[in-house]
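Since the structure comes first, as structure tokens, the remarks are kept for the end.
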Amino acid sequence: MGFQNVRCKDPIAFQSSLTKTLQNLKNQETVIFDKISLNEGKAYDNISGIFTAPLDGIYSFTWTISTTAGKYFVTEIVLNGQSVTYNHADGRGHDGHPMTTSHANIKMKKGDKVWIRTRQNYGQYAHGANWCYFSGTKL
């Protein structure tokens, strides 16, 4: 009876947040989650806001946007510049700081890039002070 050699895999996971409030971003401007609290595998770059896949596989991403009363902030997650899915945080007609979370599982090849950017010119207001998050992990 043969035993398969099970190799211990190093985890690939990151957690980042937005420390500064973003206002009036341009069309398709990258949302840079600048504060890193976890970056196993060093695949997320908090200067560019881009996650680069270190290995082929399926990656799971989640991002949360908080806006403010009367404003909105619409984002999309993109794979190599192609839109995958959206997040629509809309504070119009609301009090406080409405929050929305979106999720995407994305099949990536080594070197593929994923990031969050504004959808069209709807990047009106995203609340800083670590209320907005972007995280991911390899499944």
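Each residue of the sequence shown is one higher than the last, beginning at 19 in our numbering. A virtual CB, placed ideally from N, CA and C, is assigned to each residue, including glycine. Being a predicted model, the structure only gives us computed values, none of them experimental.
Inset, instruction - Just tell me which of Asn45, Gln41, Phe69, Ala107 has its CA closest to the CA of Lys127. - result: Counting from 1 along the sequence shown, the entry for residue 127 is found at position 109. With distances taken between Cα atoms, Lys127 lies closest to Phe69.
Legend entry - Pro29 burial status per 10 Å Cβ neighbour count (16 or more: buried): If you number the sequence shown from 1, residue 29 lands on position 11. Answer is exposed; the Cβ neighbour count stays below 16.
Inset, instruction - Determine the direct distance from the alpha carbon of Lys60 to that of Met19, and round the result to whole angstroms. - result: Stepping through the sequence shown from its first residue, residue 19 is reached at position 1. Stepping through the sequence shown from its first residue, residue 60 is reached at position 42. Because the pLDDT of Met19 is 49, which lies under 50, any placement of that residue in the model is unreliable, and the number read from its coordinates should be weighed accordingly. The straight-line gap from Cα to Cα measures roughly 39 Å.
Inset, instruction - With a cut-off of 8 Å on the beta carbons, I'd call Lys81 and Tyr151 a contact; round off their distance for me. - result: Position 63 of the sequence shown, counted from the start, is the residue given in the question as residue 81. Position 133 of the sequence shown, counted from the start, is the residue given in the question as residue 151. Correcting the residue type first, residue 81 is Trp in the shown sequence and not Lys. Contact holds; Cβ gap of about 6 Å.
Inset, instruction - Measure the CB-CB distance between Asn139 and Lys44 and report whether it falls below 9 Å. - result: Here residue 139 refers to the residue found at position 121 when the sequence shown is read from its first residue. Here residue 44 refers to the residue found at position 26 when the sequence shown is read from its first residue. Yes, Cβ-Cβ distance for Asn139 and Lys44 is below 9 Å.
Inset, instruction - Would you be able to state if there are at least three C-beta pairs under 8 Å between the stretch 81 to 90 and the stretch 111 to 118? - result: yes
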